[in-house]
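Novice: With this note's numbering applied, the sequence shown closes on residue 338, and no number is skipped along the way.
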Amino acid sequence: MRVTGARGVGKTVMLTEFRRIAEQRGWQTLSETASSGMTQRLIDSMQPQKGNFSLSFEPSVSVMNIGGSLGGLHYERSRMPLTLRQAMSTRLDELERHGNGLLITIDEAQAADRDDMVSIATAIQHLTSENRNLAFVFAGLPSMTSRWLNDDVMTFLRRAQPERLGDVPLSEVSQALTSTFRETGVELDGEPLQIATEATAGYPFMIQLVGYHIWRIAIRNHNVDESFTVSVNEAEAGVRDALSRLGDTVHGPELDGLSPIDRTYLLAMAQDDGPSSTSTIAERMGKDVKYAGIYRMRLIEAQVIEDRGYGKVDFAIPYLREYLREHAAYIRMTTES
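Structure follows, in C-alpha cells:
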C-alpha cells in the first residue's frame, strides 16, 4: 500500500495504526524513516542478535623457526544474509511456522535513496509472488509518486493500493473534540466548540494542535480537580497558539522544500482573498500562462494548491495564504538570493 498526502494529514499516524493492528494479530513489524542506509538497517533488524561461542584447536605452525599452537575461544555472529530478500525470507520462515507474518512500514519515502527503494521493491515483488505472509506500506509526500512510480525499475510499486489522505469532515472534528475533552473532565461546547472546530479547517494536524493548545490553556486557568467548561477567550487563545505552531512545523518546511519559482507562484496567489485566476498569477509573475502553468501543475501534484476549475486555483494547505502574507518579505528575500 502507498499512502500519500500533504504535510500534517496524518501519514505517520496511519503507519503507527497499521503496526498496532498487525502486532495485535501476532505479526512482527519493522518501522523505518527513509534515509541513507535504510536497506542495511532493515537487514540488521531481522538478524539474530545472539552469537555462538566455540572452542577450536588448530594445528601448530612454524614461522621463522618459531612454533606455536593456534587454539582459542571464538565468538561468531550469525552470518548476515547477502540481500534484503534473503533476510526477509529467512525471517518469514520462522514467523510463518507460527502462523504469523511481517509488516514493514517506510515513512517519508519521497526522501529515500534510489538504491534502497530498488532493493526493497525487488524483495517485496519476489516474496509477494511466493505468497508469503508479508505486508508493505510506504508513505510520503505526493512527490514520491512521480519520483518512484515512474521509475522503470520499480514498476511493481505502481500496483500498490493507493490511499490519499485528506481533510476530516467538520462534523467529525466537532464530535472528536467534544469526546476527547470530556474524557479529561473538561467540557468544550457551544461557541468555544464552534471556534475550535472551524479553526481546524478539517486539517488533521491542526485538529491535534487546536485541541492540545486549548486544553493546555484551559487547564492552567481552572482547578483540575473539578470539571469545567472552556471559555470563548480560552478557545481563541488556543487557536492563536495552534496557528503559530502550524507555521513553524508545516508551512515553513513545506516552502523550504519548494523551488524559488514555486514560491514566487504562491506569493502571487496569496494576493487574493480566495481562488486565484491562473492568468492573473502569470501576469503577477511577469510570465506567460504556459510557463506559469508548469509550476501550477507541480504545486497541484504536491498537494500544496488545488484546481478549482474554470482556470482557478486555491491553497490546499489551511492558512498557507496567511503565512505567505505575513512572511512575504522574508520569502522574497530568500527566493531572490
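Cβ atoms here follow ideal geometry from the backbone N, Cα and C, with glycine treated the same way.
Given the structure is predicted, the values throughout are model-derived calculations rather than measurements.
Determine, using beta-carbon pairs with one atom in the stretch 136 to 148 and one in the stretch 5 to 15, whether at least three such pairs fall under 8 Å.
Specialist: Touching, yes, given that three or more Cβ pairs across the two stretches are closer than 8 Å.
Novice: How long is the line joining the alpha carbons of aspartate 273 and arginine 20, rounded to whole angstroms?
Specialist: Taking the straight line joining both Cα atoms gives about 43 Å.
Novice: Pull up the distance between the alpha-carbon of glutamine 126 and that of arginine 160, whole angstroms please.
Specialist: Looking at the two C-alpha atoms, the distance is approximately 10 Å.
Novice: Going by DSSP, what residues sit across from lysine 288 in a beta bridge?
Specialist: DSSP, once it has assigned bridges, lists no residue as partnering lysine 288.
Novice: If you scan the stretch 137 to 176 from start to end, which runs of the beta strand (DSSP E) of 3 or more residues do you find wholly inside it?
Specialist: Counting whole runs of 3 or more residues, the stretch 137 to 176 contains the beta strand (DSSP E) stretches 163 to 165.
Novice: Considering glycine 310, what are the terminal residues of the beta strand (DSSP E) in which it resides?
Specialist: Note, glycine 310: beta strand (DSSP E), 306 to 310.
Novice: How many Å lie between arginine 217 and leucine 256 at the Cα?
Specialist: The straight-line gap from Cα to Cα measures roughly 29 Å.
Novice: Within the continuous beta strand (DSSP E) that includes threonine 185, where are the two ends?
Specialist: First-last for threonine 185: undefined, no H or E at that position.
Novice: Return the chain-ordered list of same chain residues with a C-beta closer than 6 Å to the C-beta of threonine 201, the five sequence neighbours on each side being excluded.
Specialist: Taken in chain order, the residues that qualify are Val174, Met207, Ile208 and Val211.
Novice: Less than 8 Å between C-beta atoms, sequence neighbours within five positions excluded: which residues of the same chain meet that for threonine 181?
Specialist: Excluding positions up to five away in sequence, the list reads Gly212.
Novice: Which class does glutamate 24 belong to by DSSP, given the choice of helix, strand or coil?
Specialist: Reduced to three states, the DSSP call for glutamate 24 is helix.
Novice: Buried or exposed for arginine 98, please, with buried defined as at least 16 other CB atoms from any protein chain shown within 10 angstroms of its CB.
Specialist: Per the 10 Å Cβ criterion, exposed.
Novice: Quick one: using the 10 Å Cβ neighbour count with 16 as the cut-off for buried, is proline 193 buried or exposed?
Specialist: Proline 193 comes out buried.
Novice: Comparing alpha-carbon positions, which option in Thr146, Thr40 and Asp152 lies nearest proline 163?
Specialist: Out of Thr146, Thr40 and Asp152, Thr146 has the C-alpha closest to the C-alpha of proline 163.
Novice: Report the rounded CA-to-CA distance for leucine 247 versus alanine 110, giving the unit in angstroms.
Specialist: So the two alpha carbons sit approximately 22 Å from each other.
Novice: Can you have a look at glutamate 337 and say buried or exposed, based on whether 16 or more other CB atoms are within 10 angstroms of its CB?
Specialist: So glutamate 337 counts as exposed.
Novice: In the DSSP output, which residue or residues are listed as bridge partners for glutamine 272?
Specialist: Answer by DSSP bridge pairing: none, since glutamine 272 is not bridged.
Novice: Of the choices Val14, Glu95 and Met118, whose alpha-carbon is the least far from that of serine 36?
Specialist: The candidate whose alpha carbon is nearest that of serine 36 is Met118.
Novice: Quick check on the DSSP output: what are the complete beta strand (DSSP E) runs of length 3 or more inside the stretch 228 to 282, in order along the chain?
Specialist: As far as the stretch 228 to 282 is concerned, it has no whole beta strand (DSSP E) run of at least 3 residues.
Novice: Confirm, please, whether the CB-CB distance from leucine 31 to leucine 16 is below 8 Å.
Specialist: In this structure, leucine 31 does not lie closer than 8 Å to leucine 16 by Cβ.
Novice: When the Cα atoms are used, what is the spatial distance from tyrosine 331 to aspartate 308?
Specialist: For tyrosine 331 and aspartate 308, the distance between alpha carbons rounds to 27 Å.
Novice: Take leucine 128 and list the residues in its own chain whose beta-carbon comes closer than 8 Å to its own, dropping the five residues that flank it on each side.
Specialist: Counting only Cβ-Cβ distances below 8 Å, and skipping sequence neighbours, we find Arg86, Met89, Ser90, Leu93 and Leu135.
Novice: To the nearest angstrom, report how far apart threonine 123 and glutamate 33 are at their CA atoms.
Specialist: Near 17 Å, if we compare the C-alpha coordinates of glutamate 33 and threonine 123.
Novice: Whole-angstrom Cβ separation of arginine 322 and alanine 271, contact assumed at under 8 Å?
Specialist: Correct: roughly 5 Å between the Cβ atoms.
Novice: Any beta carbon from chain C within less than 8 Å of aspartate 226's own beta carbon?
Specialist: This model lacks chain C altogether, as it is built from one protein chain only.
Novice: Please identify the residue among Gln41, Ala329, Gly27 and Ala219 whose C-alpha is closest to the C-alpha of histidine 252.
Specialist: Out of Gln41, Ala329, Gly27 and Ala219, Ala329 has the C-alpha closest to the C-alpha of histidine 252.
Novice: Using only alpha-carbon positions, find the residue among Gly38, Leu96 and Asp315 that is nearest to alanine 23.
Specialist: Closest option to alanine 23, Cα to Cα, is Leu96.
Novice: Which residue comes first and which comes last in the beta strand (DSSP E) that contains valine 314?
Specialist: Looking at the DSSP string, the run of the beta strand (DSSP E) that includes valine 314 is 313 to 316.
Novice: Out of Thr250, Leu268, Asn224 and Asp263, which one is the CA nearest neighbour of isoleucine 295?
Specialist: Minimum Cα distance to isoleucine 295 is reached at Asp263.
Novice: Does DSSP put leucine 325 in a helix, a strand or coil?
Specialist: Three-state result, leucine 325: helix.
Novice: Quick one: using the 10 Å Cβ neighbour count with 16 as the cut-off for buried, is glycine 239 buried or exposed?
Specialist: Under this definition glycine 239 is a buried residue.
Novice: Apart from the five residues on each side of it in sequence, which residues of its chain come closer than 7 Å, Cβ to Cβ, to alanine 326?
Specialist: Per the sequence shown, residue 326 should be read as arginine rather than alanine. Within the same chain, arginine 326 has close Cβ partners Ala271.
Novice: Is it buried or exposed for tyrosine 320, if we count other Cβ within 10 angstroms and need 16 for buried?
Specialist: Answer is buried; the Cβ neighbour count reaches 16.
Novice: According to DSSP, simplified to helix, strand and coil, what is aspartate 340?
Specialist: Since the displayed the chain opens at 2 and closes at 338, residue 340 lies outside it and no answer follows.
Novice: Does the Cβ of lysine 291 have 16 or more other Cβ atoms within 10 Å, making it buried, or fewer, making it exposed?
Specialist: The residue in question, lysine 291, is exposed, as its Cβ has fewer than 16 Cβ neighbours within 10 Å.
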